[in-house]
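Structure record follows, encoded as structure tokens.
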Amino acid sequence: MSGADQRGGLMAWFQRSALWRLKVRLQFSGWLQYVATALVGAVLLALAALLATIDGLAGPLAWVLAALGGALALAAVFDVVTLKLGLRPVEAIPGALERLDAFELMRARRSCRSFQPRDLTRAHLEALLEAARLHCRAERRISAAPIRLEYVAAALTVWPVVGAREFFVAIAPREYDRGAVIDVGRSLQRVVLDATRLGVATCWIGPGADQTSVARQLGDRFDATRDHIICVCALGYRSRLMPLAIRIMNAAMHRRLPLTALLFADAGCTTPLATDTPPFSTFARAFEACRWSPSSYNEQPTRCVGVLDHDGQLAR
Numbered sequence: 002m003s004g005a006d007q008r009g010g011l012m013a014w015f016q017r018s019a020l021w022r023l024k025v026r027l028q029f030s031g032w033l034q035y036v037a038t039a040l041v042g043a044v045l046l047a048l049a050a051l052l053a054t055i056d057g058l059a060g061p062l063a064w065v066l067a068a069l070g071g072a073l074a075l076a077a078v079f080d081v082v083t084l085k086l087g088l089r090p091v092e093a094i095p096g097a098l099e100r101l102d103a104f105e106l107m108r109a110r111r112s113c114r115s116f117q118p119r120d121l122t123r124a125h126l127e128a129l130l131e132a133a134r135l136h137c138r139a140e141r142r143i144s145a146a147p148i149r150l151e152y153v154a155a156a157l158t159v160w161p162v163v164g165a166r167e168f169f170v171a172i173a174p175r176e177y178d179r180g181a182v183i184d185v186g187r188s189l190q191r192v193v194l195d196a197t198r199l200g201v202a203t204c205w206i207g208p209g210a211d212q213t214s215v216a217r218q219l220g221d222r223f224d225a226t227r228d229h230i231i232c233v234c235a236l237g238y239r240s241r242l243m244p245l246a247i248r249i250m251n252a253a254m255h256r257r258l259p260l261t262a263l264l265f266a267d268a269g270c271t272t273p274l275a276t277d278t279p280p281f282s283t284f285a286r287a288f289e290a291c292r293w294s295p296s297s298y299n300e301q302p303t304r305c306v307g308v309l310d311h312d313g314q315l316a317r
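Here is the structure:
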């Protein structure tokens, strides 16, 4: 059995276990991001207590573990009080990014996983509703299949986002149409960039959204016989407060691969594309925007190949 098969078998076993069911319950009840920090803190405190009972080990290491464990425990309590229970200061609404050009706006946009407990202003909501209508029009799609972005003002069951209370739900036809799925991505990303310019934060959520919860909130705007929910996108104002576990996850996911690992000069993707020399240097800002574009878990699965014709001119 290959390593991939072993990992797949282990994951299948885990997903059938009681531990997995507990994880899902904590995840969609909104407690997982707090429990994770508290659990690590408790483990470190337990190790510190254990080391303190062993001759020769009850020294600096035990104190370091105790300090780290205590800090994590305090962080978990702080996160629960401020974010879960809502005992927090009022934060200002972020300003608009009106002076940024298109490429700077793409670079400035970051997923937000902690939102302020306030509704969008009427002006911002109306602007985003109009953007959703505009970008989903037939003349802007590559497929004939209709798509739409439905607005929902409710606390959907999602992970790992905290505090989101307004969403766009991206809906395509139930019958699979690759063009429609691409159109959803294109249209929603345009709305996301419009939101970024306004100072409104966003977060794409795919597997982290509970489909049953989403369908229930849509009500008669969703017909399971003809509609399919592709994803949801949280809308709101970014909060400086964030669970420690999500803050660490954000820092890890914000990293990006270099262009040499994404753009290639051959179909086998072995020779990096010379993006700093003509004719490809013309697209330097576009390449960088692609590098920082969102993907599931920011894993950057897409690769591109630059092709020249016989005269050394750019073909595609």
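Numbering (my numbering), first residue to last: 2 to 317.
Yeah, the Cβ is synthetic: ideal placement off N, Cα and C, and Gly gets one too.
Here the structure is a predicted model, which means the values were calculated and not measured.
Each residue's CA atom was taken as its position, placing ILE230 and ALA173 some 7 Å apart.
The alpha-carbon separation between ALA133 and ALA50 amounts to approximately 56 Å. Here DSSP, grouped into helix, strand and coil, assigns ALA156 to coil. A check of alpha carbon separations from ALA43 across ALA67, GLY31 and PHE223 identifies ALA67 as the nearest.
CYS291 sits in a helix when the DSSP states are folded into three classes.
Straight-line spacing of the CA atoms in LEU245 and LEU189 works out to 29 Å. Shown here, PHE116 sits in a strand according to DSSP, grouped into three states. For PRO273, the beta-bridge partners assigned by DSSP are PHE265. Assigned with DSSP and collapsed to three states, THR203 falls in strand. As for any alpha helix (DSSP H) of minimum length 4 sitting wholly inside the region 44-88, the runs are 61-80, ordered along the chain. When the beta-carbon positions are compared, ASP228 and ARG175 come within less than 8 Å of each other. DSSP lists PRO174 as the bridge partner or partners of ASP228. Residues LEU264, PHE265, ALA266, PHE281 and GLY307 of the same chain have their beta carbon placed closer than 7 Å to that of LEU274, with the five preceding and five following residues left out of the count.
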